[in-house]
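See below for the structure under consideration.
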Amino acid sequence: MIERVVIVAGGVPPSGDLLRKWKIDGSFLIAADSGATSCLNAGLVPDIVIGDMDSLESHEFDEVLNLGAEIIEYPPDKDKTDLELAFDEAAGMKPGEIVILGALGNRADHILGNIMLLFNSALKGIKARIVDEQTEIFPAGKRNMLEGKPGDIVSLIPVSDEVSGIKLTGLKYDLPGGVLKRGGTKGQSNEFISPTALIETGAGELLIVVIRK
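See below:
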């Protein structure tokens with residue numbers, strides 16, 4: 040089984056250091072269209088480049104092709120974004136986890152759509168997260184052990200109507216009652232007070248956002 044699939048999207052490009060940090064030995068690298076540019080800039084060759092290729096320069100397309108990347112090209116008129124196509128490809132491999140880089144940027148619609156991919160039914164137990172230089176975004180499991188530094192931010196955002204059974208350890212603010220309801224901001228802007236924090240959940244779907252300063 041593939042331990043990790045790293046997807047590089049076409050949003051704000053990840054640094055080479057960040058990309059190489061997550062692209063561990065034995066992991067699989069997928070570039071969504073111009074995400075291939077970030078891979079090449081980091082000295083890495085994607086295993087697959089997927090998308091409509093409307094934002095990848097022709098010389099970069101030729102370069103990844105000559106370096107042995109598999110090209111999966113779609114027509115411009117499609118009903119999925121390049122990132123979702125890459126996500127579907129990754130989920131079909133049944134890896135241990137999917138890490139998405141370059142998924143945040145300046146377009147709010149893309150950011151929100153990318154985050155909602157983390158709740159795609161195709162995952163079926165596969166862990167998935169969006170990561171950039173400071174931020175990590177992922178759906179909560181029943182027990183979530185986080186690492187950070189005092190002052191780093193943790194926000195809890197309910198995706199379902201209600202999330203119950205929430206218990207917090209190692210964070211500045213407690214959550215009396217252990218319930219968050221969608222449409223409220225009660226779970227935002229908590230802080231680490233120790234190097235580790237534990238977030239436990241009961242029922243409902245919860246998004247965890249960690250912002251490291």
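Letter by letter, the sequence shown follows residues 40 to 252 in the working numbering. We treat Cβ as the ideally placed atom computed from N, Cα and C, and that holds for glycine.
How many whole angstroms separate the CB atoms of Leu219 and Pro197, which I take to be in contact at a CB cut-off of 8 Å?
Sure, about 4 Å apart at Cβ, within 8 Å.
If Ile150 and Ile192 are in contact, beta carbons under 8 Å, what's the gap, nearest whole angstrom?
Actually they are not in contact, since the Cβ atoms of Ile150 and Ile192 sit about 17 Å apart, beyond 8 Å.
Three-state class that DSSP yields for Asn145 in the structure shown
Coil at Asn145, not helix or strand.
Is it buried or exposed for Glu123, if we count other Cβ within 10 angstroms and need 16 for buried?
Result: buried.
How long is the line joining the alpha carbons of Glu42 and Ala142, rounded to whole angstroms?
Taking the CA atoms as reference points, Glu42 sits about 21 Å from Ala142.
Local conformation of Lys60 per DSSP, three classes:
Helix.
Check the C-beta distance from Asp91 over to Lys117 and give it rounded, since I have them as a contact under 8 Å.
Yes, Asp91 and Lys117 are in contact; Cβ-Cβ is about 7 Å, under 8 Å.
If the criterion is Cβ atoms closer than 8 Å, does the pair Glu96 and Leu79 meet it?
No, the Cβ-Cβ distance between Glu96 and Leu79 is not below 8 Å.
Is it true that the region 43-52 meets the region 126-140, where meeting means three or more beta-carbon pairs spaced less than 8 Å apart?
With the cut-off at 8 Å, the region 43-52 and the region 126-140 touch.
Since Ile69 and Pro85 are thought to touch, with beta carbons under 8 Å apart, how far apart are those beta carbons, to the nearest angstrom?
About 6 Å separates the two Cβ atoms, so the contact holds.
Spatial distance of His98 from Ala108 (CA atoms):
His98 and Ala108 have their alpha carbons spaced roughly 14 Å apart.
N- and C-terminal bounds of the alpha helix (DSSP H) containing Phe126
Note, Phe126: alpha helix (DSSP H), 121-130.
In its own chain, which residues sit with a C-beta less than 7 Å from the C-beta of Phe100, not counting the 5 before and 5 after it?
Only residues of its own chain outside the window of five on either side were considered, and among them Met92 have a CB closer than 7 Å to the CB of Phe100, listed in chain order.
By the 10 Å Cβ neighbour count, where 16 or more other Cβ atoms means buried, how is Asn145 classified, buried or exposed?
Asn145 comes out exposed.
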